[in-house]
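Participant: My numbering runs 14 ahead of the 1-based position in the sequence shown.
For reference, the structure I am asking about is given below.
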Amino acid sequence: LGRGLGRIAGLTSLWLCLRRTIVESVDELGRGLGQLTGLTSLALDLNYTKFTAVDELGRGLGRMAGLTSLDLTLLSTKVDSVDELGRGLSQLTGLTSLTLDLNGTNVTAVDALGRGLGRMAGL
Numbered sequence: 015l016g017r018g019l020g021r022i023a024g025l026t027s028l029w030l031c032l033r034r035t036i037v038e039s040v041d042e043l044g045r046g047l048g049q050l051t052g053l054t055s056l057a058l059d060l061n062y063t064k065f066t067a068v069d070e071l072g073r074g075l076g077r078m079a080g081l082t083s084l085d086l087t088l089l090s091t092k093v094d095s096v097d098e099l100g101r102g103l104s105q106l107t108g109l110t111s112l113t114l115d116l117n118g119t120n121v122t123a124v125d126a127l128g129r130g131l132g133r134m135a136g137l
């Protein structure tokens with residue numbers, strides 16, 4: 015999925031729902047999304063999935079320089095760290111709208127996420 019998405023030139027808006035799937039990793043998705051530099055709006059519904067890491071997703075989001083709107087839901091996932099997600103978000107200086115739902119995750123610290131959000135100029 016990630017490799018295919020990364021090849022779609024000219025895409026400006028994407029809504030992707032993987033809710034309640036048995037996806038065990040979003041690494042390739044993160045790498046593919048990182049190639050969509052023209053994307054301005056992204057909604058990712060990853061609720062109730064089984065993966066534990068969003069590091070590559072965070073890195074990929076950080077490469078999406080044109081992103082102005084992000085809706086990312088990780089409701090009831092097994093994600094335990096959002097450090098790289100915070101670092102990626104800090105690169106999105108043009109972001110003007112952000113929804114981030116971590117309800118029911120295994121995240122125990124949000125320090126890096128907070129620092130990343132604090133560096134965002136657009137919000």
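All residues carry an ideal CB built from backbone N, CA and C; glycine is no exception.
Do THR110 and SER83 count as a contact pair if the criterion is CB distance below 8 Å?
Facilitator: Yes, Cβ-Cβ distance for SER83 and THR110 is below 8 Å.
Participant: Strictly by DSSP, which residues pair up with ALA67?
Facilitator: SER95, per the DSSP bridge assignment.
Participant: Are the CB atoms of ALA126 and ASP97 nearer to each other than 8 Å?
Facilitator: Yes, these two residues count as a Cβ contact at 8 Å.
Participant: In whole angstroms, what separates the C-alpha of GLY128 from that of GLY100?
Facilitator: If I take the Cα positions, the gap works out to 7 Å.
Participant: Specify, as a first and last residue, the run of the alpha helix (DSSP H) that LEU114 falls within.
Facilitator: It is not in any alpha helix (DSSP H) - LEU114 instead sits in the beta strand (DSSP E) that spans 111-115.
Participant: Suppose you measure from the CA of LEU86 to the CA of ALA23; what does that come to, to the nearest Å?
Facilitator: Whole-angstrom Cα-Cα distance: 22 Å.
Participant: Opposite LEU84 in the DSSP bridges: which residues?
Facilitator: In the DSSP output, where bridge partners are listed per residue, LEU84 has LEU56 and LEU112.
Participant: Just the C-alpha distance for LEU28 and LEU81, rounded to the nearest angstrom, thanks.
Facilitator: Answer to the nearest angstrom: the Cα atoms are 11 Å apart.
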